[in-house]
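Right, here's the structure in full:
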């Protein structure tokens, strides 16, 4: 089976391409570096020739309000090109609880992406994942000030990127869900506790201060970013991953 992996040179996309190829499929990465521009549509028709499944892992270059235009335009172009090419399955990677946090521009943009996919002409699947283990450095960078890291106690259920790859590959090679599969790690942490565990494992002497106004996750309340009862839980524990990271 032939797959086009949009964003196929990125963190998740490159691993998805390798896994699909190892399983005997033809997986073609599509990205600006391969001549594909989702905003202008340049290169899309060529990239989707003979493709059965599109795996859309493309990300907006910004996380602000401009991400709405990125996902609106890219989805219109990708769905139209997919229909022209006779694509049979469109898969998008999204975020657990994404439609429950309208205060965040990026989450509203990803919700728009999901809505456009549902309204599109092609059978679809949405894989919603929780926050990646690998994103903790970005969280620190956003809330660090000298020897202090300020983090809210927002509850998260993070997942290893490798486990997200497995979920995307499994869904992409199956029958279209016409719905959502939620995937998450096995453990729930308040974000401030997750920060302390991370710094301790790295022998980083910075101090985590609980500040429920700090960073992008400060606007999130309750358990909306944790897995519900229907979620598929991965096996990799954060502390085990930390030891080998």
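Residue numbers (my numbering): 6 to 250. Every residue gets a Cβ at the ideal spot worked out from N, C-alpha and C, and that includes glycine. Just so it is clear, the structure is predicted and the values come from calculations on it, not from any experiment.
For residue 137, the CB contacts under 6 angstroms within the same chain, skipping 5 residues up- and downstream, are 166 in chain order.
Following the DSSP letters along the chain, one finds residue 156 in no alpha helix (DSSP H) but inside the beta strand (DSSP E) bounded by residues 153 to 156.
For residue 94, the uninterrupted beta strand (DSSP E) run begins and ends at 94 to 100, by DSSP. At the C-beta level, residue 161 and residue 199 come within 8 angstroms of one another.
Under the three-state reduction of DSSP, residue 131 is assigned to strand.
When C-alpha distances from residue 143 are compared across 39, 222 and 112, the shortest belongs to 222. A distance below 8 angstroms between beta-carbons, with the five flanking residues on each side excluded, links residue 184 to the following residues of its chain, in chain order: 130 and 131. Where residue 214 is concerned, the enclosing beta strand (DSSP E) starts and stops at 212 to 215. For residue 31, no alpha helix (DSSP H) run applies; the uninterrupted beta strand (DSSP E) run containing it begins and ends at 31 to 35, by DSSP.
The residues 6, 7, 8 and 178, in chain order, have a CB closer than 8 angstroms to that of residue 30 in the same chain once the five nearest residues on each side in sequence are set aside. Spatial neighbours of residue 69 in its own chain (CB-CB distance under 7 angstroms, excluding positions within 5 residues in sequence) are listed in chain order as 110. Pairing residue 13 with residue 37 gives a Cβ-Cβ distance that is not under 8 angstroms.
Between residue 157 and residue 217 the beta-carbon gap is near 5 angstroms, inside 8 angstroms, which marks them as a contact. Residue 117 is not bridged by DSSP to any residue. Residues 138 and 165 of the same chain have their beta carbon placed closer than 6 angstroms to that of residue 246, with the five preceding and five following residues left out of the count. Assignment of beta-bridge partners to residue 7 by DSSP yields 31.
Here residue 45 is exposed, its C-beta having fewer than 16 other C-beta atoms within 10 Å. Across the structure, residue 65 and residue 220 are spaced so that their CA atoms are roughly 19 angstroms apart. By the Cβ test, the segment 146 to 154 is not in contact with the segment 96 to 115, since fewer than three Cβ pairs between them sit closer than 8 angstroms.
One alpha carbon belongs to residue 76, the other to residue 97, and they sit about 11 angstroms apart.
Taking C-beta atoms as the reference points, residue 232 and residue 101 count as a pair closer than 8 angstroms. Bounds of the beta strand (DSSP E) holding residue 188 are 185 to 189.
Beta-carbon to beta-carbon, residue 62 and residue 125 are separated by about 17 angstroms, too far to satisfy the 8 angstroms threshold. Inside the segment 53 to 89, DSSP marks no whole alpha helix (DSSP H) run of 4 or more residues. Going by DSSP, residue 200 is part of the alpha helix (DSSP H) stretching over 196 to 206.
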